[in-house]
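> Following this message is one structure expressed as structure tokens.
Chains as they are written, first to last, in the UniProt record's numbering: chain A, 1 to 294; chain B, 1 to 346.
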């Protein structure tokens, strides 16, 4: 029995109908507004960052970056990202799994709670940790008695970063997992797979592009976070200064080349993130289309 | 493998989906669970699979109580309504999945798994498509891959949820015949869920008609069609017409006249008469018959459907006539049902 008909599930973009297309001048005006806006507020500052960083030549630029405090800030930023991103991958997958795949009391509450870091000012997030772990804070006495240092040290910075970046992975995965439902997992179980095998061979591959996308955004934010980290870090040079904090200090000291040199690294990170994000969206879009055709 | 469902009740959030259902499935049998949506047929299938646990009652595989066993331990092949193929795996990897996730010595070497996958693809007539991804297959092909994947684990029982539900009519008919052939060749005990009576009656050895969480009737296609045991089955399977009648001294009366049908074993009182629109005998004179005014007449494929208004209460019934039968031109038609059944009035 032949079954020759093979459907392809490429997303097709229908050309817009004439009725909803604006007139040519209107289209040009809209595009001009958009591009001017982007140019003034995004592109120009980006050029200035690199321009200022290289104002005194490549030598001054590399020298600012090899300064011990700058290197320490870079190391700390990488360390914080290396701890908080994996933590949020675990939290994000757990939370998304719980919300998308079972019914339980307090689900709506949990969903709202996940968004909290987006709706709260980062400074407040930092202050909460000061109130909690500070010397006069709720747990301050106990921590001091046990010789545990959280505030104005790396653990505090990691905690603040985890808090601020918590929603990225979870929010990316929840709609994806909800759309996919339990069908594939049930199929894997019916074929004899245990829970771990089901997660590893079926659930994770189904969400891998969404997960990667979330991780990318999470990482960018973890490295770039300023407000919350600023409150809990204590600004100890060479010890608790992350890159964004270091930029601020150097700038306040009128060390423009140093400040913009470190800033250029962050801007570079942003550009790399943007490119990877675009690539992922292309790839991830195709994946989503395959999901729909399925 | 015989499957026995014994007094199973299933509630979802205290809302009963199945009430006290019992069913014996013989080894090697092909059984259809047929019913409208919400009748509990899919719930029953999922209970047999172990995707749900019964609230009360037991399910036996052979002599063994399987009710508390997990789905992995039950070793059933389940084909999902939308196939649930793993979209990131090739066809061969999909089929081999159940073997790959086995542990220890029961897990065949990779080469053996590949060989088995190819064998099963031959069986489902998709040889050569090993390296395709599910998104590159047509609906009918996916359906067959899903079946091959379920059979790869050598299941004791094969369970299919609306196996042809998502396919167009042409492919559906082909696959129906093909499933019957596969079943006869492999001899699996097979249960499938459908809301399509034609599919159930044509394909299954026995049909289980379900409604509102209960089994209404179990029987062969002939049993179900010719001797429905409830008004629901009469109405749900095939076409039917019904009329409110009265039984008096073993005779059936419609309003104030007898219609020439004897029911010597029925108790006197109000009842409902069911018959098939095509199974009627047309009469010329009316001494003991049902007579009505033609209200509407429609051509349906090879026959003509005539709607009649009967008696003073203008009860409407439908009967089927040959296309060029002269009665279709008349304004008044008299007939008597051939095969019929009485149910107590509700």
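Using N, Cα and C, we set each Cβ at its ideal position, and we do this for glycine too.
#1: Do you know how far the Cα of residue 318 of chain B is from the Cα of residue 300 of chain B?
#2: DSSP three-state call for residue 242 of chain A: helix, strand or coil?
#3: Which of the three DSSP states, helix, strand or coil, is assigned to residue 341 of chain B?
#4: Determine the burial state of residue 338 of chain B: buried for a count of at least 16 other Cβ atoms within 10 Å of its Cβ, exposed for fewer.
#5: Along the chain, where does the beta strand (DSSP E) that runs through residue 22 of chain B open and close?
#6: Helix, strand or coil for residue 143 of chain A? Go by DSSP, reduced to three states.
#7: Three-state secondary structure (DSSP) at residue 229 of chain B?
#8: For residue 135 of chain A, is the classification buried or exposed, using 16 other Cβ atoms within 10 angstroms of its Cβ as the cut-off for buried?
#9: I want to verify the contact list: residues of chain B whose CB lies under 8 angstroms from the CB of residue 197 of chain A, in sequence order.
#10: Using a Cβ cut-off of 7 angstroms (strictly closer), state whether residue 30 of chain B contacts chain A.
#11: At 8 angstroms on the CB atoms, spell out the chain B contacts of residue 192 of chain A, in chain order.
#12: Are residue 340 of chain B and residue 275 of chain B touching if we call contact CB-CB under 7 angstroms?
#13: At the level of alpha carbons, what is the spacing between residue 77 of chain A and residue 223 of chain A?
#14: DSSP on residue 111 of chain A, reduced to helix/strand/coil?
#15: Of all Cβ atoms in chain A, is any one closer than 7 angstroms to the Cβ of residue 51 of chain B?
#16: Along chain B, which residues have their Cβ under 7 angstroms away from the Cβ of residue 189 of chain A?
#17: Under the assumption that residue 81 of chain B contacts residue 166 of chain B (Cβ atoms under 8 angstroms), give the Cβ distance between them as a whole number of angstroms.
#18: Could you please give the first and the last residue of the uninterrupted beta strand (DSSP E) stretch that includes residue 192 of chain B?
#19: Assuming residue 145 of chain B and residue 126 of chain B are in contact, meaning their beta carbons sit under 8 angstroms apart, how far apart are those beta carbons, in whole angstroms?
#20: Smallest Cα separation from residue 98 of chain B: which of B:308, B:19 and B:72?
#21: Tell me whether residue 188 of chain B is buried or exposed, calling it buried when 16 or more other Cβ atoms sit within 10 Å of its Cβ.
#22: Can the beta-carbon of residue 162 of chain A be found closer than 7 angstroms to that of residue 87 of chain A?
#23: Look up residue 9 of chain B in the DSSP assignment and give the residues it is bridged to.
#24: Should residue 122 of chain A go down as buried or exposed, given a rule of 16 or more other Cβ atoms within 10 Å for buried?
#25: Can you tell me which of B:28, B:241, B:61 and B:21 puts its alpha carbon nearest to the alpha carbon of residue 43 of chain B?
#26: Got a sec: which bits of the stretch 198-216 of chain A sit with their beta carbon under 9 angstroms from any beta carbon on chain B, in order along the chain?
#27: So, for residue 36 of chain B: in the same chain, excluding its five sequence neighbours on each side, which residues have a beta-carbon less than 8 angstroms away from its beta-carbon?
#28: Which residue's Cα is closest to the Cα of residue 63 of chain A: A:138, A:255, A:29 and A:28?
#29: Residues in the same chain with beta-carbon distance under 8 angstroms from residue 224 of chain B, minus the five sequence neighbours each way, listed in chain order, please.
#30: Can you find the residues in the same chain that come closer than 6 angstroms, C-beta to C-beta, to residue 108 of chain B, ignoring five residues on each side of it along the sequence?
#31: Could you name the residues of the same chain whose beta carbon sits closer than 6 angstroms to that of residue 237 of chain A, not counting the 5 residues immediately before and after it, in chain order?
#32: In or out: residue 116 of chain B buried (at least 16 other Cβ within 10 Å) or exposed?
#33: Compare the Cα-Cα distances from residue 124 of chain B to each of B:177, B:105, B:104 and B:222 and report the closest residue.
#34: What residues from chain A crowd round residue 82 of chain B, counting only those whose CB sits closer than 7 angstroms?
#35: How is residue 292 of chain B classed by DSSP in three states: helix, strand or coil?
#36: Smallest Cα separation from residue 70 of chain B: which of A:108, A:35 and A:194?
The short version:
#1: Translated into the one-based positions of the second chain, residue 300 of chain B becomes position 300. Translated into the one-based positions of the second chain, residue 318 of chain B becomes position 318. The alpha-carbon atoms of residue 300 of chain B and residue 318 of chain B are separated by roughly 12 angstroms.
#2: Residue mapping note: residue 242 of chain A aligns to position 242 of the first chain, counting from 1. DSSP places residue 242 of chain A in coil when its eight states are reduced to three.
#3: In the second chain, the residue the question calls residue 341 of chain B occupies position 341. Three-state result, residue 341 of chain B: strand.
#4: Position 338 of the second chain, counted from the first residue, corresponds to residue 338 of chain B. Taking all protein chains in view, the Cβ of residue 338 of chain B is surrounded by fewer than 16 other Cβ atoms within 10 Å, so the residue is classified as exposed.
#5: As a first step, residue 22 of chain B must be located in the second chain, where it is residue number 22. From DSSP, the beta strand (DSSP E) with residue 22 of chain B extends over 15-25.
#6: Translated into positions along the first chain, residue 143 of chain A becomes position 143. Judged by DSSP in its simplified three-state form, residue 143 of chain A adopts helix.
#7: Start at 1 with the first residue of the second chain, and residue 229 of chain B comes out as number 229. The three-state secondary structure of residue 229 of chain B, taken from DSSP, is coil.
#8: Locating residue 135 of chain A in the first chain gives position 135, where the first residue counts as 1. Under this definition residue 135 of chain A is an exposed residue.
#9: In the first chain, counting from the first residue as 1, residue 197 of chain A sits at position 197. Residues of chain B whose Cβ lies closer than 8 angstroms to the Cβ of residue 197 of chain A are, in chain order, 101.
#10: For the purposes of this step, residue 30 of chain B is identified with residue 30 of the second chain, where counting begins at 1. So no, residue 30 of chain B is outside the interface.
#11: Within the first chain, residue 192 of chain A is the residue found at index 192, counting from 1. Residues of chain B whose Cβ lies closer than 8 angstroms to the Cβ of residue 192 of chain A are, in chain order, 72, 75, 98, 101, 102 and 153.
#12: Taking the first residue of the second chain as 1, we reach residue 340 of chain B at position 340. Taking the first residue of the second chain as 1, we reach residue 275 of chain B at position 275. In contact: residue 340 of chain B and residue 275 of chain B (Cβ atoms closer than 7 angstroms).
#13: Numbered from its first residue, the first chain carries residue 77 of chain A at position 77. Numbered from its first residue, the first chain carries residue 223 of chain A at position 223. Distance between the alpha carbons of residue 77 of chain A and residue 223 of chain A is about 6 angstroms.
#14: Taking the first chain and counting its residues from 1, one reaches residue 111 of chain A at position 111. Reduced to three states, the DSSP call for residue 111 of chain A is helix.
#15: Taking the first residue of the second chain as 1, we reach residue 51 of chain B at position 51. Taking 7 angstroms as the CB threshold, residue 51 of chain B lines the interface with chain A.
#16: Locating residue 189 of chain A in the first chain gives position 189, counting from the first residue. Simply 71 and 72.
#17: Numbered from its first residue, the second chain carries residue 81 of chain B at position 81. Numbered from its first residue, the second chain carries residue 166 of chain B at position 166. That pair is a contact at about 7 angstroms.
#18: Your numbering for residue 192 of chain B matches position 192 in the second chain. Here the beta strand (DSSP E) through residue 192 of chain B covers 189-194.
#19: Numbered from its first residue, the second chain carries residue 145 of chain B at position 145. Numbered from its first residue, the second chain carries residue 126 of chain B at position 126. About 7 angstroms separates the two Cβ atoms, so the contact holds.
#20: What you label residue 98 of chain B is simply residue 98 of the second chain in a count that begins at 1. Answer by Cα proximity: B:72.
#21: Counting from 1 along the second chain, the entry for residue 188 of chain B is found at position 188. The residue is buried, with at least 16 neighbouring Cβ atoms inside 10 Å.
#22: The residue you call residue 162 of chain A lines up with position 162 of the first chain. The residue you call residue 87 of chain A lines up with position 87 of the first chain. Yes, the pair counts as a contact, with Cβ atoms nearer than the cut-off.
#23: Counting from 1 along the second chain, the entry for residue 9 of chain B is found at position 9. Per DSSP, B:56.
#24: Taking the first residue of the first chain as 1, we reach residue 122 of chain A at position 122. Buried is the call here.
#25: To locate residue 43 of chain B, count along the second chain from 1; it is residue 43. Measuring from the Cα of residue 43 of chain B, the nearest candidate turns out to be B:21.
#26: The residues in question are 198, 201, 202, 205, 206 and 208.
#27: Reading the second chain from its first residue, position 36 is the one you call residue 36 of chain B. Excluding positions up to five away in sequence, the list reads 195, 211 and 236.
#28: Reading the first chain from its first residue, position 63 is the one you call residue 63 of chain A. Each of A:138, A:255, A:29 and A:28 was checked against the Cα of residue 63 of chain A, and the nearest Cα belongs to A:255.
#29: Here the question's residue 224 of chain B lines up with position 224 in the second chain. Within the same chain, residue 224 of chain B has close Cβ partners 201, 207, 209, 217, 233 and 237.
#30: Counted from its first residue, the second chain places residue 108 of chain B at position 108. Answer for residue 108 of chain B: 99, listed in chain order.
#31: Taking the first residue of the first chain as 1, we reach residue 237 of chain A at position 237. Taken in chain order, the residues that qualify are 69.
#32: The count along the second chain starts at 1 and reaches residue 116 of chain B at position 116. The residue is buried, with at least 16 neighbouring Cβ atoms inside 10 Å.
#33: Indexing the second chain from 1 puts residue 124 of chain B at position 124. Nearest C-alpha to residue 124 of chain B among B:177, B:105, B:104 and B:222: B:177.
#34: Indexing the second chain from 1 puts residue 82 of chain B at position 82. Going along chain A in sequence order, the residues near residue 82 of chain B (Cβ under 7 angstroms) are 183.
#35: Translated into positions along the second chain, residue 292 of chain B becomes position 292. In the three-state DSSP reduction, residue 292 of chain B falls in the strand class (E or B).
#36: Numbered from its first residue, the second chain carries residue 70 of chain B at position 70. Distance check between residue 70 of chain B and each of A:108, A:35 and A:194 places A:194 closest, using alpha-carbon atoms only.
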